[in-house]
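**Student:** I'd like to ask some things about the structure below.
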Amino acid sequence: MPLICCVSPKGGVGKTMIAANLAAGLAKNRHLEVIAVDLDPQNMLRLHLGGDVADGHGFVKSVGNIESWGGALKEDSNSGVIILPYGQLSSGKSIKKDSVIRQKPELLWKPLVRMAASPGMVVVVDTPPGPSVMLQAILPHVDLLLTVLAADAASAVLYSNIATGKIYSEVRNVRRGYVLNQFDPMTRLGRIICSGLAEKIGDSLFGIVHRDEYVGEALAMQQPVADYAPLSRAAIDLNNLSDRVSRYLESLT
Amino acid sequence: MKLSDRLNSLFRVDQNVHKIVPLFILFLSVISFFIVTLSFLSAGGQLIVGVAGIVVFFLLNRRKDETATLYLKILSLAVSSRYLLWRMIDTLVFQTTFQAVLGIILILAEAYAFMMLLLIYFQTVHPLERKPAPLPDNSDDWPTVDVYIPTYNEDLSIVRVTALACASMDWPPDKLNVFILDDGHRVEFQHFAEAAGIGYISRADNAHAKAGNLNHALQLTDGELIAIFDCDHVPCRAFLQTTLGWFVADSKIALLQTPHHFYSPDPFQRNLANGMRVPPEGNSFYGLLQPGNDFWNASFFCGSCAVIRRTALLEVGGIATETVTEDAHTALKLQRRGWSTAYLSLPLAAGLATERLILHIGQRMRWARGMIQILRTDNPFSGPGLRLPQRICYFSAMAGFLFAIPRLVFLTSPLCFLVFNQTLIAASPMALCAYVIPHFFHCICTSARMNGSWRYSFWGEIYETTLATFLVRVTLVTILFPKLGKFNVTDKGGTIKQAYLDWQAVYPNVILSGFLFMGMLYGFYRLFMFHNSQVVFNALWLNEVWIAISLLTLLLAIAVGHESRQVRGKARIQVRLPVTLRSEGGRLLPTQIMDVSTGGCQVEIAESTVDEWQKGQIVHVLTEEGRLKGEIVWVGKRSIGLDWRYDSLRHEAEVVRFVFGRADAWVDWGRYPPDRPLRSLWLALTSITSLFRFEKNPGAVNQKLPPVKPMAPPRSLPGGKKKQERNAVIVAPKKKAATFCFFLLGIMLPASSWAQQAADASPVPQPAAQAVAAPPAGVPPQDGEPPLPTSDATAPATPDQPSQTQGLTLGTPITDAAPAMVGVHKKSWTLKELGAGDTLMMTPFASIQGLSFGLPKASL
Ligand SMILES: Nc1ncnc2c1ncn2[C@@H]1O[C@H](COP(=O)(O)OP(=O)(O)OP(=O)(O)O)[C@@H](O)[C@H]1O
Ligand SMILES: [Mg+2]
Numbered sequence: 280m281p282l283i284c285c286v287s288p289k290g291g292v293g294k295t296m297i298a299a300n301l302a303a304g305l306a307k308n309r310h311l312e313v314i315a316v317d318l319d320p321q322n323m324l325r326l327h328l329g330g331d332v333a334d335g336h337g338f339v340k341s342v343g344n345i346e347s348w349g350g351a352l353k354e355d356s357n358s359g360v361i362i363l364p365y366g367q368l369s370s371g372k373s374i375k376k377d378s379v380i381r382q383k384p385e386l387l388w389k390p391l392v393r394m395a396a397s398p399g400m401v402v403v404v405d406t407p408p409g410p411s412v413m414l415q416a417i418l419p420h421v422d423l424l425l426t427v428l429a430a431d432a433a434s435a436v437l438y439s440n441i442a443t444g445k446i447y448s449e450v451r452n453v454r455r456g457y458v459l460n461q462f463d464p465m466t467r468l469g470r471i472i473c474s475g476l477a478e479k480i481g482d483s484l485f486g487i488v489h490r491d492e493y494v495g496e497a498l499a500m501q502q503p504v505a506d507y508a509p510l511s512r513a514a515i516d517l518n519n520l521s522d523r524v525s526r527y528l529e530s531l532t
Numbered sequence: 018m019k020l021s022d023r024l025n026s027l028f029r030v031d032q033n034v035h036k037i038v039p040l041f042i043l044f045l046s047v048i049s050f051f052i053v054t055l056s057f058l059s060a061g062g063q064l065i066v067g068v069a070g071i072v073v074f075f076l077l078n079r080r081k082d083e084t085a086t087l088y089l090k091i092l093s094l095a096v097s098s099r100y101l102l103w104r105m106i107d108t109l110v111f112q113t114t115f116q117a118v119l120g121i122i123l124i125l126a127e128a129y130a131f132m133m134l135l136l137i138y139f140q141t142v143h144p145l146e147r148k149p150a151p152l153p154d155n156s157d158d159w160p161t162v163d164v165y166i167p168t169y170n171e172d173l174s175i176v177r178v179t180a181l182a183c184a185s186m187d188w189p190p191d192k193l194n195v196f197i198l199d200d201g202h203r204v205e206f207q208h209f210a211e212a213a214g215i216g217y218i219s220r221a222d223n224a225h226a227k228a229g230n231l232n233h234a235l236q237l238t239d240g241e242l243i244a245i246f247d248c249d250h251v252p253c254r255a256f257l258q259t260t261l262g263w264f265v266a267d268s269k270i271a272l273l274q275t276p277h278h279f280y281s282p283d284p285f286q287r288n289l290a291n292g293m294r295v296p297p298e299g300n301s302f303y304g305l306l307q308p309g310n311d312f313w314n315a316s317f318f319c320g321s322c323a324v325i326r327r328t329a330l331l332e333v334g335g336i337a338t339e340t341v342t343e344d345a346h347t348a349l350k351l352q353r354r355g356w357s358t359a360y361l362s363l364p365l366a367a368g369l370a371t372e373r374l375i376l377h378i379g380q381r382m383r384w385a386r387g388m389i390q391i392l393r394t395d396n397p398f399s400g401p402g403l404r405l406p407q408r409i410c411y412f413s414a415m416a417g418f419l420f421a422i423p424r425l426v427f428l429t430s431p432l433c434f435l436v437f438n439q440t441l442i443a444a445s446p447m448a449l450c451a452y453v454i455p456h457f458f459h460c461i462c463t464s465a466r467m468n469g470s471w472r473y474s475f476w477g478e479i480y481e482t483t484l485a486t487f488l489v490r491v492t493l494v495t496i497l498f499p500k501l502g503k504f505n506v507t508d509k510g511g512t513i514k515q516a517y518l519d520w521q522a523v524y525p526n527v528i529l530s531g532f533l534f535m536g537m538l539y540g541f542y543r544l545f546m547f548h549n550s551q552v553v554f555n556a557l558w559l560n561e562v563w564i565a566i567s568l569l570t571l572l573l574a575i576a577v578g579h580e581s582r583q584v585r586g587k588a589r590i591q592v593r594l595p596v597t598l599r600s601e602g603g604r605l606l607p608t609q610i611m612d613v614s615t616g617g618c619q620v621e622i623a624e625s626t627v628d629e630w631q632k633g634q635i636v637h638v639l640t641e642e643g644r645l646k647g648e649i650v651w652v653g654k655r656s657i658g659l660d661w662r663y664d665s666l667r668h669e670a671e672v673v674r675f676v677f678g679r680a681d682a683w684v685d686w687g688r689y690p691p692d693r694p695l696r697s698l699w700l701a702l703t704s705i706t707s708l709f710r711f712e713k714n715p716g717a718v719n720q721k722l723p724p725v726k727p728m729a730p731p732r733s734l735p736g737g738k739k740k741q742e743r744n745a746v747i748v749a750p751k752k753k754a755a756t757f758c759f760f761l762l763g764i765m766l767p768a769s770s771w772a773q774q775a776a777d778a779s780p781v782p783q784p785a786a787q788a789v790a791a792p793p794a795g796v797p798p799q800d801g802e803p804p805l806p807t808s809d810a811t812a813p814a815t816p817d818q819p820s821q822t823q824g825l826t827l828g829t830p831i832t833d834a835a836p837a838m839v840g841v842h843k844k845s846w847t848l849k850e851l852g853a854g855d856t857l858m859m860t861p862f863a864s865i866q867g868l869s870f871g872l873p874k875a876s877l
């Protein structure tokens, strides 16, 4: 089954939030086995899904030794998502691990692809912002590259960079999807940019998520938005997104 | 061949009138059959003929097509002719002059009713279901439009809503000019217009009232088309795009009228217990008669919610000023010159219904006066230019206003026998059964079939009775002296604090019903206290039944004047609109609006989120188009109430656009179950309870009227008393280039910034998909070292990024490019529901002219 990768050329747009909630949404609605993998040294993904702040386990220490990854896996009993955290690492060590993976990218992508290959399994990957060794290693093997863009002025430029193949050119067009996050209808610019971008992106737009206080609150409660505030706009937006993604996944098989 | 085609070939396409002959022969033969039987058969035989007619009705009525309706109409006319002939031949008695006069008056009234039946059957032979015509793809080819909003004494609070709605209709801003035509010479109107960038025209005198006001503006503006909205008819944003296609498609069309739709209940709906279950009074005209007229190319102008072609209007010397119904008269004049008219049966504007009976009466008095004036001074049956069906339709519209006297005759006739012992109809009960019952049966049932869901049986009688006593004088005076008469403005939009009986609006009917009641009592006295012959006995109780019906109708008409409480100053529109509610803290909750007005709205909330909302909190309603600010004024269990808070005219315009703008807002206007005569009768009869409704106010009958704004003071007539000198004030609509970039910016921004135009690129952007520059060669992805995209975005003025700054300022590039982008961004409406054949594509345009929609540069 598929490998879904949340990316964005720019930081802080909500990749991690989208990845976590997408994983939870897929796990809840589609009765799939979902593994959420965090490739970002910030190691934040687990926190969205009830993870323990003090728990420093992660796969990165044992890169090259897949058998011991299992120890890092954590199931979130609430959402049913299995989380593979990056792990708590000093930045020096992170860079070292990066260079290992730059030498041998298969150390990263092979286990991920293997995981994704088991039936009924979906792997959702959160990545560090911008270009990174980790992302580069798995990019050619991604089944759905979900680019998260903030609905702001900079995204117009970022999108054109993607559309013109300046970045993510390893991924074929059909494998690309976009999410506009933090859409704020309170500002006129937000609306204008959102509708303009939506028109440009066309069918590859997988969803628009409003800027909603409930999102931040849900993170504070370490819950998926859909659990924390099921009636909220963001919960509905995120639910639509995971519906759309699962429709896409169905179309793959 | 479909009926419509057949009729087309009969009357319309070619003027071969002799093709009408087969139908005519059918009609004559049915009639002559009845006439022949009239002289041969005994009363019993006649009864059988009558029953046979009813049986034929039921057989034919099982077919639902138009042809069957036509046959039923012919049958109905034949049965009624038979009745009338019988009445004339068999039942008139002229023993005394008094009796002869009364008898003749009654039969004339019946003849009038028959004539109207015939005319309306003819008018509604094939109500045309005209669809909107598409506009040219290129909006450069769209016509220029002046929108006139005439006003005289209405509040600014009413006019501003209409003005803002007009200014934000979807139409190329450079082709749309809105003008408030203020005959009230009010400074605050001028200030408002200037602030909103709307034109303001006020003339030196008030000659010829509304017509004069429009004509004055006509000389000052230059749009090819003129859309006219009374100041309380608020158009939806799609009005122009839906209606104007016909003016492009057919150069002979001079006028296009759309329905006057009222989103508040009319006095009948509001004051009668079952009123809300019955179609509004105006529906039969706008849903049935006007489409019917349209088939005969005879639909006419109703003063508002219409578009007129300037050249045509100038040809007839502007809006007609000879009569007080300038609208219908103008249409008549246009048609005499060979212009076509069109009617689009889609409510694209809405207003407040006259909010109390007395105002409704005043309005109808004016209409009646005007229509009879036209009948007398410019009779459609004489004069040049019209074809026969057009003459018939116009005549029908005008003659329809002569109903007052016949209606009174029907109401009071039984008194003649009960009180004065004058036999007006000398017939045996058997003969009555044989002639009268079939006559009523066919009239009612065929009309019910024809009226469908537009008007309910027996309710027309209530509408007429309410007005009849008031119209008698107007009718007589106007017939005798057609040149008299002045213009009244119908007042709208107030509140009624307590229920009360509007004595002013009902006193003639109260007096009349007093007489009828006494007559009825006297009849009973005669029935029970005297030994009557069988003949007299029969006549007495038949007249008692008749007078009871009259009395009931009158009581219902009085009940309409029993004004019920009306709380909201701004009537709420019942809707279901999905929106997102944003709390003060930025939490978003999707929900639905349950009702809305320009004052505020009621929003549904989930019980679990009740704690989120507190009275006094400022929240935002996020719609597809934007956001509206509101203050919570109450919190209920499942809903909260908001009052809108405007910071600026632009916000107010957004509220107006949200409340009234939706193209499909009024699609439900005709959604009533089809008329079933017995049900309608029941609804009417049980509405009598409204007469005995006393809300907190036992002394209602004696209560004085709440302050009603005085009827419009008579306008100064030219040559009349010298009034204070006034000067004409003319303010042209403001059109700053930067002001209408709001939407265009939305379209332009992405296009231009992605297009990565060089600074010197052509000002006309190509569609972005093709305009996207080819990826710079020589940046192949290198293993492990992908290009750093973010650096591109942050480097501000690198040579390949200049367009971003361009795109976000309101400089010339946008406005230059704007026309080319118009029409790119299309939105489809659910006009299918409106009855439009295909989904119409609507093109949103820059909204309000003159309002600063400019984007503050600081926000970048
Ligand atoms: N739709 C939203 N509404 C409100 N807040 C949001 C929304 N999306 C994200 N946020 C908030 O924005 C912040 C950044 O989100 P997140 O960490 O998911 O971004 P990111 O792209 O993963 O950042 P990074 O690039 O650092 O990895 C978080 O505090 C999150 O709660
Ligand atoms: Mg992150």
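Going down the list, the sequences are from chains A and B. Those letters in the first sequence? Residues 280 to 532, by my numbering. Those letters in the second sequence? Residues 18 to 877, by my numbering. We put the beta carbon where it would ideally sit given N, CA and C, even for glycine. Source: prediction; values computed, not measured.
The beta strand (DSSP E) with B:C618 in it runs from where to where?
**Tutor:** For the purposes of this step, residue 618 of chain B is identified with residue 601 of the second sequence, where counting begins at 1. Its beta strand (DSSP E) spans residues G617 to E621.
**Student:** In whole angstroms, what separates the C-alpha of B:M293 from that of B:V453?
**Tutor:** Along the second sequence, one-based indexing puts residue 293 of chain B at 276. Along the second sequence, one-based indexing puts residue 453 of chain B at 436. So the two alpha carbons sit approximately 32 angstroms from each other.
**Student:** Less than 8 angstroms between CB atoms is the rule here; does B:R644 satisfy it with respect to chain A?
**Tutor:** By one-based count along the second sequence, residue 644 of chain B stands at place 627. Yes - at least one Cβ of chain A is within 8 angstroms of the one on B:R644.
**Student:** Which full runs of the beta strand (DSSP E) of 3+ residues lie inside the region 644-712 of chain B, going along the chain?
**Tutor:** Listed in chain order, they are 644-652 and 656-661.
**Student:** Specify, as a first and last residue, the run of the beta strand (DSSP E) that B:N310 falls within.
**Tutor:** Start at 1 with the first residue of the second sequence, and residue 310 of chain B comes out as number 293. Run containing B:N310: none in the beta strand (DSSP E); it sits in the alpha helix (DSSP H), Q307 to F312.
**Student:** Using DSSP with H/G/I as helix, E/B as strand and the rest coil, what is B:I378?
**Tutor:** For the purposes of this step, residue 378 of chain B is taken as the residue at position 361 of the second sequence. Three-state result, B:I378: helix.
**Student:** How about B:W661 and B:G617: do their beta carbons lie closer than 8 angstroms?
**Tutor:** Numbered from its first residue, the second sequence carries residue 661 of chain B at position 644. Numbered from its first residue, the second sequence carries residue 617 of chain B at position 600. Taking 8 angstroms as the Cβ cut-off, B:W661 and B:G617 qualify as a contacting pair.
**Student:** With a cut-off of 8 angstroms, does the C-beta of A:L510 fall near any C-beta of chain B?
**Tutor:** The residue given as residue 510 of chain A occupies position 231 in the first sequence. Yes - at least one Cβ of chain B is within 8 angstroms of the one on A:L510.
**Student:** In whole angstroms, what is the alpha-carbon distance linking A:Y527 and B:P607?
**Tutor:** As a working note, residue 527 of chain A is residue 248 in the first sequence. As a working note, residue 607 of chain B is residue 590 in the second sequence. Taking the straight line from one Cα to the other gives about 26 angstroms.
**Student:** Identify each residue in the region 180-198 of chain B for which the Cβ-Cβ distance to at least one residue of chain A is less than 8 angstroms, and report them in chain order.
**Tutor:** Result list empty, no residue passes.
**Student:** By how many angstroms is the C-alpha of B:Q207 removed from the C-alpha of B:Y480?
**Tutor:** For the purposes of this step, residue 480 of chain B is taken as residue 463 along the second sequence, with counting starting at 1. For the purposes of this step, residue 207 of chain B is taken as residue 190 along the second sequence, with counting starting at 1. Approximately 39 angstroms between the Cα atoms of the pair.
**Student:** Along the chain, where does the beta strand (DSSP E) containing B:A323 start, and where does it finish?
**Tutor:** Numbered from 1 along the second sequence, position 306 holds the residue referred to as residue 323 of chain B. Looking at the DSSP string, the run of the beta strand (DSSP E) that includes B:A323 is A323 to R326.
**Student:** Please list, in chain order, the chain B residues whose beta carbon lies closer than 8 angstroms to that of A:Y493.
**Tutor:** Indexing the first sequence from 1 puts residue 493 of chain A at position 214. Per Cβ cutoff of 8 angstroms: R604 and L605.
**Student:** Can you pull the chain A residues whose beta carbon is under 7 angstroms from the beta carbon of B:L488, in chain order?
**Tutor:** Within the second sequence, the letter at position 471 stands for residue 488 of chain B. By Cβ distance, chain A contributes nothing, its closest Cβ being about 54 angstroms from B:L488, past 7 angstroms.
**Student:** May I ask you to check if the CB of A:R325 is nearer than 7 angstroms to at least one heavy atom of ligand 4?
**Tutor:** Only ligand 1 and ligand 2 can be found as ligands here, which leaves ligand 4 out of the picture.
**Student:** On the DSSP letters alone, give me the boundaries of the alpha helix (DSSP H) that B:G62 sits inside.
**Tutor:** The count along the second sequence starts at 1 and reaches residue 62 of chain B at position 45. A60 to N78 is the extent of the alpha helix (DSSP H) around B:G62.
**Student:** Quick check on B:A370: does DSSP put it in helix, strand or coil?
**Tutor:** As a first step, residue 370 of chain B must be located in the second sequence, where it is residue number 353. Three-state result, B:A370: coil.
**Student:** Can you check the region 135-199 of chain B for any alpha helix (DSSP H) of at least 4 residues that lies completely inside it and give the ranges in chain order?
**Tutor:** Runs found: 173-184.
**Student:** Should A:P281 be flagged as near chain B, meaning a C-beta pair shorter than 8 angstroms?
**Tutor:** By 1-based counting over the first sequence, the position of residue 281 of chain A is 2. False, the Cβ-Cβ gap to chain B never drops below 8 angstroms.
**Student:** Using 8 angstroms as the threshold, is the C-beta distance between B:I564 and B:P446 below it?
**Tutor:** Locating residue 564 of chain B in the second sequence gives position 547, where the first residue counts as 1. Locating residue 446 of chain B in the second sequence gives position 429, where the first residue counts as 1. For B:I564 and B:P446, no; Cβs fall outside 8 angstroms.
**Student:** State the start and end residues of the unbroken alpha helix (DSSP H) segment that holds B:Y303.
**Tutor:** In the second sequence, residue 303 of chain B corresponds to position 286, counting from 1. Careful: B:Y303 lies outside any alpha helix (DSSP H) and carries neither H nor E.
**Student:** Per the DSSP calculation, B:V885 is bridged to which residue(s)?
**Tutor:** Nothing in the structure corresponds to residue 885 of chain B, since chain B is present only between 18 and 877.
**Student:** For B:T495, which residues in chain A fall below 9 angstroms Cβ to Cβ?
**Tutor:** Here residue 495 of chain B is taken as the residue at index 478 of the second sequence, counted from 1. None at all; the shortest Cβ gap to chain A is about 56 angstroms.
**Student:** Nearer than 7 angstroms: is that true of the beta carbon of A:Q461 relative to any heavy atom of ligand 2?
**Tutor:** Residue numbering aside, residue 461 of chain A sits at position 182 when the first sequence is read from its first letter. Because no heavy atom of ligand 2 lies under 7 angstroms away, the Cβ of A:Q461 does not count as near it: no.
**Student:** Cβ of A:C284 less than 8 angstroms from any chain B Cβ?
**Tutor:** Translated into positions along the first sequence, residue 284 of chain A becomes position 5. No, because no Cβ of chain B sits closer than 8 angstroms to the Cβ of A:C284.
**Student:** Quickly, what does DSSP pair B:S219 with across the bridge? List them, please.
**Tutor:** The residue you call residue 219 of chain B lines up with position 202 of the second sequence. Paired residue(s): B:V746.
**Student:** Quick check: what's the CA-CA separation for A:N519 versus A:H327?
**Tutor:** Taking the first residue of the first sequence as 1, we reach residue 519 of chain A at position 240. Taking the first residue of the first sequence as 1, we reach residue 327 of chain A at position 48. Rounded to the nearest angstrom, the two C-alpha atoms are 19 angstroms apart.
**Student:** Any idea what DSSP makes of A:E529, helix, strand or coil?
**Tutor:** Sequence index remark: in the first sequence, residue 529 of chain A carries index 250 (1-based). A:E529 falls in the helix class under three-state DSSP.
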